[in-house]
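Just so we're aligned: the sequence shown equals residues -19 to -1, 1 to 106 in mature numbering (1 follows the signal peptide of the UniProt record, and there is no 0).
Note that CB positions come from ideal geometry on N, CA and C, so glycine has one too.
Heads up, the thing below is written out as structure tokens.
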Amino acid sequence: MSRAPFLVALCLAASTAVAVRPAFSAESPFEPGLMRLAEVLGSLHFLRNLCGEKGDQWRGEMEKLLDSENPDPERRARFIASFNRGYRSFGGTYTQCTASATEAISRYMKEGETLSRDIASRYGN
């Protein structure tokens, strides 16, 4: 999965671009994209580990997103719930790495890249 460093860089760019702005309410236009990005990171954390990747790279990316956003407790809970929803969404479907799981990884990597790029370009400086 050679695009992982690119996705990581885009996640950081998106979160940094948004983080330099003043605090916004939960109704901010970029909020749904950030919550979806958290869910994608949770899905990747489950699927990549299922398919042989060892470690907490995707959880780490989620922690970086939280650090850069510095959300209030309620918003932080929503971020974590989104990540966990993404993680759990595949737990009942996949117990081993399959071609379908590998395809899901590919789709989520692309979606994460797109979300990160869109958030950074629309709401960054």
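#1: Can you round the beta-carbon distance between G36 and D99 to whole angstroms, since I take them to be within the 8 Å contact cut?
#2: Going by beta-carbon coordinates alone, are S24 and A85 separated by less than 9 Å?
#3: Within a Cβ cutoff of 8 Å, which residues of the same chain sit near F60, ignoring the five residues on either side of it in sequence?
#4: Looking at G72 and V21, is the spacing between their C-beta atoms short of 9 Å?
#5: According to DSSP, simplified to helix, strand and coil, what is K45?
#6: Could you tell me how far apart the beta carbons of A82 and Y75 are, in whole angstroms, since I believe they sit closer than 8 Å?
#7: Straight-line CA distance for C78 to L31?
#8: Can you tell which of P54, H26, E55 has its C-alpha closest to the C-alpha of G41?
#9: Out of curiosity, what's the CA-to-CA distance linking E94 and P54?
#10: If we ignore side chains and look at the alpha-carbon of each, how far apart do S70 and E92 end up?
#11: So which of S97, S87, G33, E12 has the shortest CA-CA distance to R56?
To lay it out plainly:
#1: If you number the sequence shown from 1, residue 36 lands on position 55. If you number the sequence shown from 1, residue 99 lands on position 118. Actually they are not in contact, since the Cβ atoms of G36 and D99 sit about 27 Å apart, beyond 8 Å.
#2: Start at 1 with the first residue of the sequence shown, and residue 24 comes out as number 43. Start at 1 with the first residue of the sequence shown, and residue 85 comes out as number 104. Yes, the Cβ-Cβ distance between S24 and A85 is below 9 Å.
#3: Locating residue 60 in the sequence shown gives position 79, counting from the first residue. Contacts found: L15, M16, A19, M43, L46, L47, E50, P52.
#4: Translated into the one-based positions of the sequence shown, residue 21 becomes position 40. Translated into the one-based positions of the sequence shown, residue 72 becomes position 91. Contact flag unset, no.
#5: On the sequence shown, residue 45 is found 64 positions in, with the first residue counted as 1. Helix at K45.
#6: The sequence position of residue 82 within the sequence shown is 101, counting from 1. The sequence position of residue 75 within the sequence shown is 94, counting from 1. With 8 Å as the limit, A82 and Y75 qualify as a contact, their Cβ atoms being about 5 Å apart.
#7: Looking up residue 78 in the sequence shown gives position 97. Looking up residue 31 in the sequence shown gives position 50. Spanning the two alpha carbons is a distance of roughly 6 Å.
#8: Here residue 41 refers to the residue found at position 60 when the sequence shown is read from its first residue. Checking every option, the nearest Cα to that of G41 belongs to H26.
#9: Along the sequence shown, one-based indexing puts residue 94 at 113. Along the sequence shown, one-based indexing puts residue 54 at 73. Computed Cα separation, rounded: 27 Å.
#10: Indexing the sequence shown from 1 puts residue 70 at position 89. Indexing the sequence shown from 1 puts residue 92 at position 111. If you take the alpha carbons of S70 and E92, they lie about 16 Å apart.
#11: For the purposes of this step, residue 56 is taken as residue 75 along the sequence shown, with counting starting at 1. When each option's Cα is compared against that of R56, the closest is E12.
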